[in-house]
Amino acid sequence: MALSPDVLNAILNGPALDPPEGVTPNFHSRDTLAIYILPTVLVGLSISTVFLILRIYTKYFIIRSVSLEDYITILAWVMLVGFGVPCWYCVRVGGRHQWDTSVRDSIDLLYYANIVQILYGPTMFTVKLSILLQYMRIFVPRREGNTAMFVLIHIVLWADLAFYTVDTLLEIFSCNPRALNWNKLIDHGSCFNIEVLIISAGAINVVSDCVILFLPMFSIWRLQLSTKKKVQISAVFACGLLACVSSVIRLAYSILLFKTEDRTYAFIPTGLWSVAEVSIGFICSCLPVVPKFFQVMSERLTTNKSSTTPSRSYYRSFDAQKSGASNNPGNPYDSTRALARGDEPFEGLELTEGVGSRHIDIRAGSRRPSGAGADEEGRILKTVSIEVNELRMG
Numbered sequence: 001m002a003l004s005p006d007v008l009n010a011i012l013n014g015p016a017l018d019p020p021e022g023v024t025p026n027f028h029s030r031d032t033l034a035i036y037i038l039p040t041v042l043v044g045l046s047i048s049t050v051f052l053i054l055r056i057y058t059k060y061f062i063i064r065s066v067s068l069e070d071y072i073t074i075l076a077w078v079m080l081v082g083f084g085v086p087c088w089y090c091v092r093v094g095g096r097h098q099w100d101t102s103v104r105d106s107i108d109l110l111y112y113a114n115i116v117q118i119l120y121g122p123t124m125f126t127v128k129l130s131i132l133l134q135y136m137r138i139f140v141p142r143r144e145g146n147t148a149m150f151v152l153i154h155i156v157l158w159a160d161l162a163f164y165t166v167d168t169l170l171e172i173f174s175c176n177p178r179a180l181n182w183n184k185l186i187d188h189g190s191c192f193n194i195e196v197l198i199i200s201a202g203a204i205n206v207v208s209d210c211v212i213l214f215l216p217m218f219s220i221w222r223l224q225l226s227t228k229k230k231v232q233i234s235a236v237f238a239c240g241l242l243a244c245v246s247s248v249i250r251l252a253y254s255i256l257l258f259k260t261e262d263r264t265y266a267f268i269p270t271g272l273w274s275v276a277e278v279s280i281g282f283i284c285s286c287l288p289v290v291p292k293f294f295q296v297m298s299e300r301l302t303t304n305k306s307s308t309t310p311s312r313s314y315y316r317s318f319d320a321q322k323s324g325a326s327n328n329p330g331n332p333y334d335s336t337r338a339l340a341r342g343d344e345p346f347e348g349l350e351l352t353e354g355v356g357s358r359h360i361d362i363r364a365g366s367r368r369p370s371g372a373g374a375d376e377e378g379r380i381l382k383t384v385s386i387e388v389n390e391l392r393m394g
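If you read the sequence shown in the UniProt record's numbering, its first letter stands for residue 1, the second for the next number, and so on.
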């Protein structure tokens, strides 16, 4: 039965929930969580943008090697911005207790909340895809080098793809008609149990975050390095611990959300921790490349102006090392130890084990005309034997 315009308008302008006994609805109440929405979104986007710039600059101008995961990271940033937009709109209508919120505003809030829930899955998967592809490049540059890690990464990747695809589709089609997600004045249609969906998805997401956190640790702590070096390398990847904490807190608030009728107030913490989780995950996807930026910038600041700039001389010598060693199976370059020293980015490292050696002739002195004995006259000849170790895992 259709409501008359006057009746409908009166309902829309009334409180979205009956207030507790002795409480008078106040649509201008200052008891609101909305004040935390904009700072959280701005801080998350700002820090993520800084790390994206550092990553792209490092890969493009310093390492000069842009790979698939870099483009995925840019896509993840675009989706992160899109994820933050509906959160920002919640500032206007969200954050107050539901009895201090009009039905009209509660409909707007639930509409934007539904958009946030739909965008969360694709955004989170894109971030995790960037991280997993980076793991593949670092820990499994060649499939035969670490088969177990290769299989584990693929299992996590495809499981996440399936999970977030199903979760997003269920979020979209949870109600028929869709408007029933946010407009409870609609008197026809139906929804399946969205509470079970959100809580189950939150729990699976926590497991996924923790698995991605511990994936590199298994490889790192099997390396034949000092404990100090292992801790240094692990610290770069341990940023994911913050994402796991955010995911757990988000799940806790999701459970509380469905235990109260005051949804307009209880939804905000869930949204804030969603922004935190996605932002931290994005930062983690950029972090392995960032140390190289600061290392090179530090060298440029400390290098004498009369010497060749680090961006050329450093990488010329570094590339020479790699071409003479890592490209030769018999003389592998110790990329893992270089990683621990900070001599190369966390990109394309082969965590393998082997021993090789190479000989370098160092000659000095005046150049003589060619002829018999010319090489031996006026020169100092020194043969240096260098033993090269490479840690090989798997």
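Ideal Cβ positions, reconstructed from N, Cα and C, are used throughout, including at glycine. Since we're looking at a predicted model, the values are computed, not measured.
- For the putative contact between residue 33 and residue 95, defined by C-beta atoms under 8 Å, what is the C-beta separation to the nearest angstrom? 4 Å
- Item | residue 250 (DSSP reduced to helix, strand or coil) | helix
- How many angstroms separate the CA atom of residue 4 from the CA atom of residue 281? 49 Å
- Query: Taking the C-alpha atoms as reference points, what is the distance between residue 182 and residue 127?
  - Reply: 28 Å
- Query: What's the gap between the Cα of residue 263 and the Cα of residue 150?
  - Reply: 43 Å
- Keeping to the same chain, check which residues put their C-beta closer than 8 Å to that of residue 49; ignore five residues upstream and five downstream. 77
- Query: Taking three-plus beta-carbon pairs below 8 Å as touching, is the segment 121-141 in contact with the segment 72-87?
  - Reply: yes
- Euclidean distance between Cα positions of residue 229 and residue 60: 28 Å
- Task: Counting only the same chain and skipping the five closest in sequence on each side, list residues whose C-beta sits under 6 Å from that of residue 45.
- Result: 84
- Item | Beta-carbon proximity check, residue 184 vs residue 115, cutoff 9 Å | no
- Query: Does the distance from the C-beta atom of residue 239 to that of residue 284 stay below 9 Å?
  - Reply: yes
- Task: Indicate the three-state DSSP secondary structure (helix, strand or coil) for residue 193 in the structure shown.
- Result: coil
- Query: Between residue 186 and residue 180, what straight-line distance do the alpha-carbon atoms span, to the nearest angstrom?
  - Reply: 6 Å
- Task: Taking residue 229 as part of the alpha helix (DSSP H), name the residues at either end of that continuous run.
- Result: 227-237
- Query: Is it right to say residue 20 is buried, meaning 16 or more other beta carbons lie within 10 angstroms of its own, or is it exposed?
  - Reply: exposed
- Contact under 9 Å by Cβ, residue 39 with residue 134: no
- Message: By the three-class DSSP mapping on this structure, what secondary structure does residue 369 have?
- Response: Low local confidence applies: a pLDDT of 46 at residue 369 is under 50, so the model's placement there is unreliable, and no value is given.
- Task: Give the secondary structure of residue 15 by DSSP, where H, G and I count as helix, E and B as strand, and everything else as coil.
- Result: strand
- Count the other CB atoms, across all protein chains shown, that sit within 10 Å of the CB of residue 273; report buried if there are 16 or more and exposed otherwise. buried
- Item | Nonlocal neighbours in the same chain, by C-beta distance under 6 Å from residue 111, ignoring five residues either side | 182
- Task: Evaluate residue 309 with the Cβ neighbour count: other Cβ atoms within 10 Å of its Cβ, from every protein chain shown; 16 or more gives buried, anything less gives exposed.
- Result: A caution first: residue 309 carries a pLDDT of 47, below 50, which makes its placement in the model unreliable, though a value can still be read off. Exposed.
- Item | Per-residue DSSP class, three states only, for residue 96 | strand
- Inspect the CB distances between the segment 249-265 and the segment 86-102 and report whether three or more fall short of 8 Å. yes
- Unbroken stretches of the beta strand (DSSP E), 3 residues or longer, contained in the segment 86-160: none
- Query: Distance, Cα to Cα, residue 340 vs residue 171?
  - Reply: With a pLDDT of 43 at residue 340, under the threshold of 50, the predicted position of this residue should be treated as unreliable, and no value is reported.
- Looking only at C-alpha atoms, which of 291, 54, 206 and 235 sits nearest to residue 216? 235
- Counting only runs that start and end within the segment 242-295, where is the alpha helix (DSSP H) found for 4 or more residues in a row? 263-286
- Query: Can you tell me whether DSSP reads residue 26 as helix, strand or coil?
  - Reply: coil
- Straight-line Cα distance separating residue 9 from residue 157: 49 Å
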